[in-house]
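Protein chains in written order, with the numbering used here: chain E, 81 to 271; chain Z, 81 to 271. The beta-carbon is built from N, C-alpha and C at its ideal position, and this holds for glycine as well. Bear in mind that the values here come from a model prediction, so they are computed numbers and not experimental data. Inspection log for the structure reproduced underneath, given as structure tokens.
There are 2 protein chains.
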Amino acid sequence: MSRENKSFYALLGVLLLGPATGYEIKQTIEKWLSHFWCESYGQIYPNLKRLVEENLATVKTEVQVGKPNKNIYSITDRGRQVLTEWLMKPIVSHPPVKNEFLLKLFFSQSIPLEESIEQVKQHKQKMLEISMFFEHLKIDAAAQCQEETETLYRSLTLDYSYRAVKGIIEWCDDCIHRLEKSKSPVKEEVR
Amino acid sequence: MSRENKSFYALLGVLLLGPATGYEIKQTIEKWLSHFWCESYGQIYPNLKRLVEENLATVKTEVQVGKPNKNIYSITDRGRQVLTEWLMKPIVSHPPVKNEFLLKLFFSQSIPLEESIEQVKQHKQKMLEISMFFEHLKIDAAAQCQEETETLYRSLTLDYSYRAVKGIIEWCDDCIHRLEKSKSPVKEEVR
DNA sequence: GAGTACATGTAAAACGTTACATGATTGC
DNA sequence: GCAATCATGTAACGTTTTACATGTACTC
């Protein structure tokens with residue numbers, strides 16, 4: 081029953097919001113979950129099949145002309161139950177963290193200071209872009225204005241990521257300062 | 081030349097700090113880099129071999145009795161060069177983010193509020209543990225007090241992660257508040 | 001005419017962890 | 001006596017992405 085496979089639950093979760101095709105699921109994840117989750121088609125289509133095999137979802141095929149037929153998936157009661165059980169289970173596995181930026185920075189004593197500063201500036205730029213994306217998402221989410229509880233949980237997850245990037249942007253500024261300062265640390269001691 | 085493989089550079093980076101065996105590299109990564117990187121033996125040993133094949137490192141075997149022989153790896157000039165080039169290259173790939181906690185929270189409108197609050201409290205607990213681990217690391221890093229530049233970069237990377245968890249802990253408190261409040265949203269409007 | 005959106009699906013490749021095998025020594 | 005530390009290495013397994021195949025319709 082592969083309780084480990086998180087993609088499974090991600091798919092069930094999206095289906096909870098309403099029936100959808102694999103294609104639509106991909107889009108939903110990209111739009112609303114991209115700041116903390118992603119799935120490729122290589123995961124989505126085979127897993128949707130398995131969902132049906134295990135009675136967690138049903139399919140209806142909508143015949144189309146010109147385009148491939150649409151396979152519209154809906155969550156079943158059993159699917160809802162399995163998802164709910166998972167949602168309430170405490171998280172045990174803390175999967176590997178990998179941050180390429182920090183890996184580089186950690187070993188950066190061997191490159192010129194200017195280069196390190198440049199890397200940090202680029203990282204800050206990237207974080208600014210992400211924070212702007214979040215701001216747009218927030219507006220979109222508020223505009224959609226569905227059920228109040230749904231909005232609450234979307235808002236909470238968005239705030240989590242937003243706060244994280246904001247913190248990182250502040251860190252970038254600090255970091256640039258500290259690196260600049262270390263260029264000429266003697267001056268301050270001389271005065 | 082597999083420029084994609086980040087493990088490669090992680091190994092080179094650790095070897096930059098001094099010659100080491102695969103076993104010691106694992107320990108170093110676990111102690112100092114664990115908050116942003118990890119490597120398993122299944123990655124370390126085969127990649128160390130490849131490092132030697134590509135002249136980025138050399139091995140010396142130290143014969144031991146009772147234990148397996150030690151293979152001590154040292155970085156070569158070419159290794160240093162390859163590492164430095166990578167350090168200065170801008171980061172292009174932003175690998176998949178996967179946050180199981182947020183995935184659960186996003187879909188939590190379908191479980192009782194109390195359960196969601198419990199999940200957030202557990203997440204906060206985890207973050208507190210991590211922040212304490214960071215505080216210890218900071219002390220250890222200061223105590224080692226090697227070269228000043230080395231200390232600077234370690235301190236910077238640590239602060240990055242530290243600030244991130246601190247932000248998340250604050251978010252947890254906020255989040256718990258907001259969830260508690262949504263239990264009885266009517267009261268406030270009634271008054 | 002090129003590119004994008006719609007729509008599904010698979011095979012190959014890369015990536016990464018876990019578990020196993022081996023085996024002495026030291027501390028509880 | 002059991003667990004942990006030291007030390008290396010591989011095979012199996014699972015996960016995940018990428019690239020490919022297919023094909024219409026619409027927009028620039």
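Check: Positions along the region 155 to 179 of chain E whose CB lies within less than 8 Å of some CB in chain Z; Outcome: Arg160, Leu163, Thr164, Trp166, Leu167, Met168, Pro170, Ile171, Ser173, His174, Pro175, Pro176, Val177, Lys178 and Asn179
Check: Cα-Cα separation, leucine 207(Z) to leucine 232(E); Outcome: Leucine is not the amino acid found at residue 207(Z); the sequence shown has methionine there. C-alpha separation (whole angstroms): 22 Å.
Check: Per-residue contacts from alanine 90(E) into chain Z (C-beta, under 8 Å); Outcome: Leu183
Check: Straight-line Cα distance separating alanine 244(E) from arginine 112(E); Outcome: The displayed chain sequence assigns tryptophan, not arginine, to residue 112(E). Their Cα atoms are separated by approximately 17 Å.
Check: Element boundaries [alpha helix (DSSP H), containing lysine 184(Z)]; Outcome: 180 to 186
Check: Tyrosine 202(E) at chain Z interface by Cβ criterion, 8 Å; Outcome: It should be noted that the sequence gives glutamine, not tyrosine, for residue 202(E). At least one chain Z Cβ lies under 8 Å of glutamine 202(E).
Check: Residue from Gln123(E), Leu193(E) and Ser173(E) with nearest C-alpha to methionine 168(Z); Outcome: Leu193(E)
Check: Pair within 8 Å by beta-carbon distance, leucine 136(Z) and threonine 164(Z); Outcome: no
Check: Exposed unless 16 or more other CB atoms sit within 10 angstroms - verdict on glutamate 209(Z); Outcome: exposed
Check: Under the three-state DSSP convention, the category glutamate 110(Z) falls into; Outcome: helix
Check: Near-chain E residues of the region 91 to 109 of chain Z - C-beta to any C-beta below 9 Å; Outcome: Leu92, Gly93, Val94, Leu96 and Leu97
Check: Neighbour list for leucine 232(Z) in chain E, Cβ cutoff strictly below 9 Å; Outcome: Gln189, Arg258, Leu259 and Ser262
Check: Nearest residue (CA-CA) to asparagine 127(E), options Asn85(E), Lys147(E), Val143(E) and Phe116(E); Outcome: Asn85(E)
Check: Rounded Cβ spacing between threonine 92(E) and glycine 159(E) (contact assumed at less than 8 Å); Outcome: The displayed chain sequence assigns leucine, not threonine, to residue 92(E). Right, their Cβ atoms sit about 5 Å apart.
Check: Listed by chain order, chain Z residues near tyrosine 153(E) by CB distance under 7 Å; Outcome: None at all; the shortest Cβ gap to chain Z is about 16 Å.
Check: Interface residues of the region 210 to 230 of chain Z facing chain E [CB-CB below 7 Å]; Outcome: Thr229 and Glu230
Check: Segments assigned alpha helix (DSSP H), at least 4 residues, entirely inside the region 103 to 158 of chain E; Outcome: 121 to 133
Check: Bounding residues of the alpha helix (DSSP H) (the contiguous stretch that carries valine 200(E)); Outcome: 193 to 224
Check: Straight-line gap, tryptophan 251(Z) to serine 235(E) (C-alpha atoms, nearest Å); Outcome: 12 Å
Check: Beta carbon proximity, aspartate 239(Z) to chain E, threshold 8 Å; Outcome: yes
Check: Those residues which DSSP pairs with alanine 100(E) across a bridge; Outcome: Tyr153(E)
Check: Per-residue DSSP class, three states only, for valine 172(E); Outcome: coil
Check: Exposure of isoleucine 124(E), with buried meaning 16 or more beta-carbon neighbours within 10 Å; Outcome: buried
Check: Nearest to serine 262(Z) (by Cα), restricted to the options Tyr89(E), Ser120(E), Glu228(E) and Leu259(E); Outcome: Glu228(E)
Check: The region 127 to 138 of chain E: positions lying closer than 7 Å to chain Z by Cβ; Outcome: none
Check: DSSP state of serine 262(E) mapped onto helix, strand, coil; Outcome: coil
Check: Chain E contact for isoleucine 197(Z) (CB, 8 Å cutoff); Outcome: no
Check: Nearest to valine 200(E) (by Cα), restricted to the options Ile249(E), Trp166(E) and Glu215(E); Outcome: Ile249(E)
Check: CB-CB length for tyrosine 240(E) against phenylalanine 214(E), believed under 8 Å; Outcome: Going by Cβ atoms, the distance from tyrosine 240(E) to phenylalanine 214(E) rounds to 10 Å, so no, they are not a contact pair.
Check: Counted within 10 angstroms of its Cβ, other Cβ atoms place valine 177(Z) as buried (16 or more) or exposed; Outcome: exposed
Check: Alpha carbon of alanine 90(E) to alpha carbon of threonine 101(E), nearest angstrom; Outcome: 14 Å
Check: Proximal residues of chain E, C-beta to C-beta of lysine 140(Z) below 7 Å; Outcome: The premise fails here: lysine 140(Z) is roughly 23 Å from chain E at the closest Cβ pair, so nothing lies under 7 Å.
Check: Assigned secondary structure, glutamate 250(E) (DSSP; H/G/I helix, E/B strand, else coil); Outcome: helix
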